[in-house]
Amino acid sequence: MKFTEEHEWLRVEDDVVVVGITEHASEQLGDVVFVDLPEVGTEVSKDDEVVVIESVKAASDILAPIDGEIVEVNEALIDNPGKVNEDPMGDAWFFKIKPADPSQMDDYMDEAAYQAHIA
Amino acid sequence: MSADLQITPLNALHRELGAKMVPFAGYDMPVQYPMGVMKEHLHCRAKAGLFDVSHMGQVILHAPGGYDAVAQAMEALVPVDLLGLGAMRQRYGMFTNDAGGILDDLMLANRGDHMFVVVNAACKADDIAHMRAGLPGIEVQEIADRALLALQGPAAEAVLEAMVPGVAAMRFMDVGIFESTFGELWISRSGYTGEDGFEISVPEAQAEPLARALLAHEDVEPIGLGARDSLRLEAGLCLYGHDIDTGTTPVEASLSWAIQKVRRADGARAGGFPGAERILGELQQRAPRARVGLRPEGRAPMREGTPLFAQATGGEPVGHVTSGAFGPTIEAPMSMGYVPQALAAEGTELYGEVRGKRLPVRVAKLPFTPATFKR
Chain A
37 MKFTEEHEWL
47 RVEDDVVVVG
57 ITEHASEQLG
67 DVVFVDLPEV
77 GTEVSKDDEV
87 VVIESVKAAS
97 DILAPIDGEI
107 VEVNEALIDN
117 PGKVNEDPMG
127 DAWFFKIKPA
137 DPSQMDDYMD
147 EAAYQAHIA
Chain B
170 MSADLQITPL
180 NALHRELGAK
190 MVPFAGYDMP
200 VQYPMGVMKE
210 HLHCRAKAGL
220 FDVSHMGQVI
230 LHAPGGYDAV
240 AQAMEALVPV
250 DLLGLGAMRQ
260 RYGMFTNDAG
270 GILDDLMLAN
280 RGDHMFVVVN
290 AACKADDIAH
300 MRAGLPGIEV
310 QEIADRALLA
320 LQGPAAEAVL
330 EAMVPGVAAM
340 RFMDVGIFES
350 TFGELWISRS
360 GYTGEDGFEI
370 SVPEAQAEPL
380 ARALLAHEDV
390 EPIGLGARDS
400 LRLEAGLCLY
410 GHDIDTGTTP
420 VEASLSWAIQ
430 KVRRADGARA
440 GGFPGAERIL
450 GELQQRAPRA
460 RVGLRPEGRA
470 PMREGTPLFA
480 QATGGEPVGH
490 VTSGAFGPTI
500 EAPMSMGYVP
510 QALAAEGTEL
520 YGEVRGKRLP
530 VRVAKLPFTP
540 ATFKR
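These protein sequence lines are chains A and B, in that order. What the first sequence shows, in this note's numbering, is residues 37 to 155, in sequence order. What the second sequence shows, in this note's numbering, is residues 170 to 544, in sequence order.
Listed below in structure tokens is the structure:
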């Protein structure tokens, strides 16, 4: 698993990358009440805003960590946004992206580096 | 914590309880505790929540002529019937300016031989200066050595009655002075959550012991500013500086109920407060716009500043959102905002522009959750 400075986690699953937010990020956000997901098939570039998360405090974005195509989104979050707080590292993934350039993954931190980053 | 922030007598307790502290109106205040905003909100509606509102201003107004002399003078600053306010009763009101705008909203109590008022933290200094300048012959005494706690929710009565016998007999907006093991408590049966409950003014040295005693009850949890905001919004209550300010009149703000008949155009003490001409005119001919409740049809909250449109495409904004959040009790997003009178009827469909998209929203009845006051 890889991590971004924006507190996203990236997990490679066969030829796609699953994207979610870290436990740390979900704690900082507070209770999530709304999730706006991208459409499947959307071509995105690294740093595009692809997901909007609204918590009881504020709205925040998830940026595309890499270039690629959105191939699946987690529809379950639409009706149950609270899952982002309950299981941020597991069931509450946001989208799966098919990388245009898998080497972009090399830019990101491993878990030890991420833990040091938030410490 | 930045050095210029003030603290309340409960600051150390908030930290001990694991609160996340934020600067608010010049004070270091708890925005949430480990329970989190959503659960704190629901707990307050289900049982009881304890709020530190010590940042608010407590002021006593004295005059040789007693309460009536203070009330008469104060009626020159607020459009409220204060001479007709019964002993040990409290009323909501607002300071208005010459343009009819709102300088602050406040609670005013008749305490027999004097008046006691509670004003917003952010406006405290200005309000006190305003009263000193506008109330000749009245002694304006800021009470800086007392904390203010709010205990709100359906369990509040039983919890407080066990510690301060007699409070259960109070009705909504009654005030009382009670001797207790925590010193002399100034208690009102009021609050700002839409729930039954009490606001308790306590000598600052006794504030923490009182808060600990209340929190020791299994039904009571500490509640931060985050849930205080969603609770008051569900209850349809205005937040000064957001839903009301110097640019909104009480009539536009749908607060006409706070202006009693005796202060209106045909009343015995009509007008006589700043901005009376405009405010009384709006009471007779309706204001051009109104504060309304808004229920977004989707799940996306429409927050403060969201522009409102009459159509799905094109056109100019017809108004804007002044408060918006997710309502944990109604399990849906909710907002308040100003719209032209012609678009203020319940059920009117409007559009709020969120992140460049116009999303449908309907004008809705306030409050979003029914009030449970003990009248």
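C-beta atoms are modelled at their ideal positions from N, C-alpha and C, and glycine is treated no differently.
Between aspartate 414 of chain B and alanine 494 of chain B, the CB-CB gap reaches or exceeds 9 Å.
Flagged as an interface residue toward chain B: glutamate 90 of chain A, by a C-beta distance shorter than 9 Å. Contact between the segment 292-312 of chain B and the segment 134-152 of chain A is absent: fewer than 3 CB-CB pairs across the two stretches fall below 8 Å.
Rounded to the nearest whole angstrom, the C-alpha separation of valine 247 of chain B and valine 371 of chain B is 27 Å. In the DSSP assignment, serine 91 of chain A is bridged to A/Val68. Contact check for valine 530 of chain B against glycine 521 of chain B passes: the beta carbons are separated by less than 9 Å.
The beta carbon of threonine 78 of chain A sits closer than 6 Å to the beta carbons of Ile106 from its chain, once the five residues preceding and following it are set aside; these are given in chain order. The shortest C-alpha to C-alpha distance from valine 487 of chain B to any of B/Tyr409, B/Leu252, B/Pro476 and B/Leu528 is the one to B/Pro476. Residues of the segment 461-477 of chain B with a Cβ closer than 9 Å to any Cβ of chain A, in chain order: Gly467, Arg468, Ala469, Pro470 and Arg472.
Fewer than three Cβ pairs drawn from the segment 335-351 of chain B and the segment 404-421 of chain B lie within less than 8 Å of each other, which leaves the two stretches out of contact. Restricting attention to B/Val228, B/Pro497 and B/Gly506, the CA atom closest to the CA of arginine 468 of chain B is found in B/Pro497. Secondary structure at isoleucine 428 of chain B: coil, using DSSP grouped into helix, strand and coil. Within chain A, Val92 have C-beta atoms less than 8 Å from the C-beta of serine 399 of chain B, given in sequence order.
Of all residues in the segment 196-208 of chain B, the ones placed with a Cβ closer than 9 Å to any Cβ belonging to chain A are Val200, Gln201, Gly205, Val206, Met207 and Lys208, in chain order. When C-beta distances to chain B are compared with 8 Å, the residues of the segment 63-74 of chain A below that value are Gly66, Asp67, Val69, Phe70 and Asp72, in chain order. The continuous stretches of beta strand (DSSP E) do not include glutamate 330 of chain B, which lies in the alpha helix (DSSP H) extending over residues 325-332. Residue pairing by DSSP places leucine 318 of chain B opposite B/Asp221 and B/Ile369 in a beta bridge. Taken in chain order, the complete alpha helix (DSSP H) segments of 4 or more residues contained in the segment 241-311 of chain B are 293-303.
In chain order, Val200 and Gln201 place their CB closer than 6 Å to the CB of lysine 189 of chain B, counting only its own chain and leaving out the 5 sequence neighbours on each side.
Comparing alpha carbon positions, the residue from B/His283, B/Ala268 and B/Val288 closest to methionine 276 of chain B is B/Val288. Neighbourhood of arginine 524 of chain B in chain A, by CB distance below 9 Å: Asp72, Glu85, Val88 and Ala95, in chain order.
Residue pairing by DSSP places alanine 459 of chain B opposite B/Val508 in a beta bridge.
Any Cβ of chain B closer than 9 Å to the Cβ of glycine 126 of chain A would place that residue at the interface, and such an atom is absent. As computed with DSSP, tryptophan 45 of chain A is found in a beta bridge with A/Phe39 and A/Gly56. At the C-beta level, threonine 541 of chain B and proline 378 of chain B stay beyond 9 Å of one another. From the listed residues B/Gly516, B/Asp412, B/Ile369 and B/Leu211, the smallest Cα separation to serine 357 of chain B is found for B/Ile369. For isoleucine 98 of chain A, not one C-beta of chain B is nearer than 9 Å to its own C-beta. DSSP, read as helix, strand or coil, puts alanine 533 of chain B in strand.
Of all C-beta pairs linking the segment 214-230 of chain B to the segment 309-328 of chain B, three or more are shorter than 8 Å, placing the two stretches in contact. Proximity of glycine 77 of chain A to chain B, defined by a Cβ-Cβ separation below 9 Å, is not satisfied. The secondary-structure analysis by DSSP pairs glutamate 348 of chain B across a beta bridge with B/Glu353. Look at glycine 226 of chain B: its C-beta is not under 9 Å from any C-beta on chain A.
Contact between methionine 145 of chain A and phenylalanine 39 of chain A is confirmed by a C-beta separation of about 5 Å, below the 8 Å threshold. Along the segment 331-354 of chain B, there is no position whose C-beta sits under 7 Å from a C-beta of chain A.
At a C-beta separation below 8 Å, alanine 533 of chain B has no neighbours in chain A, since its nearest C-beta there lies roughly 18 Å away. The three-state reading of DSSP puts leucine 528 of chain B in strand, counting E and B together.
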